[in-house]
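Going by my numbering, the letters in the sequence shown line up with residues 1111 to 1311, in that order. Quick notes on the structure that follows.
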Amino acid sequence: MRNFDREKIIQNTPNDFPLPPEFINSKVPLVLEIGAGTGMHPINFSKSRPEMRMIAIEKTSDRFGKFKRQYDKCPQPQLLPVHAHAVSWVAHNLVKNSVDQIFILYPNPNPKKQDLNKRWHAMPFFGHLVDLLKPNGKIVMRTNEQFYAEEAESFMSAQWGLYTKSFEFLDSDVPEYKTLFEKKYLERGQRCYEVIGQKII
Ligand SMILES: C[S@@+](CC[C@H](N)C(=O)[O-])C[C@H]1O[C@@H](n2cnc3c(N)ncnc32)[C@H](O)[C@@H]1O
């Protein structure tokens, strides 16, 4: 696989929303969420972990608008909602060995065979995400697609050198829903999957 070309992304895209300085502090744990949708997970996660800083990125205006309206009802200074394309924003703003945990929850599966390069774990950008992790840092993915979970675990381990764990769950197994998509899938009776890749160095 080709390497992620951070310099090219930086040259070709503007940095419309730079990282605020209070989010640059290596002593405070940093969490990143990619594809945050309407923000249910980042709002709840960051409320329950106020000692961490969290950046949650969503690219669509519609979903980000709902996220931001929800956030504005009860702003949390430790959570930064970002309206951007995650690849560009992350390339501009985050540096190696700075992130403790990355969430990618219910990404669009792009299931066609020829769309492998659109699935996060198979993109050169995923190698950049691994570089951003601190030692022992984790990437947590959730999906309702078994093929996606199996493929993600296989890439995390064989391509990206992460130590992996995975499990599956049904509606009756979870005390609360993490995201709106999770709620929709579990309420329909579907099985969901979590895959965790940990950077062991
Ligand atoms: C299927 S939705 C899941 C949303 C949320 N995580 C949930 O589970 O409810 C996937 C989300 O990822 C967002 N997304 C996809 N590619 C993105 C990118 N490159 N940067 C930021 N967000 C992205 C989409 O706009 C969409 O809101």
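Cβ atoms here follow ideal geometry from the backbone N, Cα and C, with glycine treated the same way. Fair warning: this is a prediction, and the values are worked out from it, not measured in the lab.
Note to self: Can you determine whether any heavy atom of ligand 1 sits closer than 7 Å to the C-beta of His1195, and answer yes or no?
What the structure shows: yes
Note to self: Once the 5 residues before and after Leu1290 are set aside, which same chain residues still bring their CB inside 7 Å of it?
What the structure shows: Gly1147, Thr1148 and Met1150
Next item on the list: Could you give the DSSP three-state label for Asp1115: helix, strand or coil?
Entry: coil
Margin query: Please determine whether the Cβ atom of Lys1169 lies at a distance below 7 Å from any heavy atom of ligand 1.
Written below: For Lys1169, the Cβ falls inside the 7 Å cut-off from some heavy atom of ligand 1.
Margin query: Can you list, in chain order, the residues of its chain with a C-beta nearer than 7 Å to that of Ser1092? Leave out the 5 residues immediately preceding and following it.
Written below: The chain is shown only over 1111 to 1311; residue 1092 falls outside these bounds and no answer can be derived.
Next item on the list: Grab me the residues of Glu1297's own chain with a C-beta within less than 8 Å of its C-beta, minus the 5 sequence neighbours each way, in chain order.
Entry: Asp1281
Checklist line | Residue from Pro1139, Ile1153, Leu1243 and Pro1152 whose Cα sits closest to the Cα of Arg1163 | finding: Pro1139
Check: Does DSSP put Ile1249 in a helix, in a strand, or in coil?
Finding: Note: Ile1249 maps to strand in three-state DSSP.
Checklist line | Heavy atom of ligand 1 within 7 Å of Leu1290 beta-carbon | finding: yes
Notebook entry, point to check: When burial is assigned at 16 or more other CB atoms within 10 Å of the CB, is Met1251 buried or exposed?
Noted result: Under this definition Met1251 is a buried residue.
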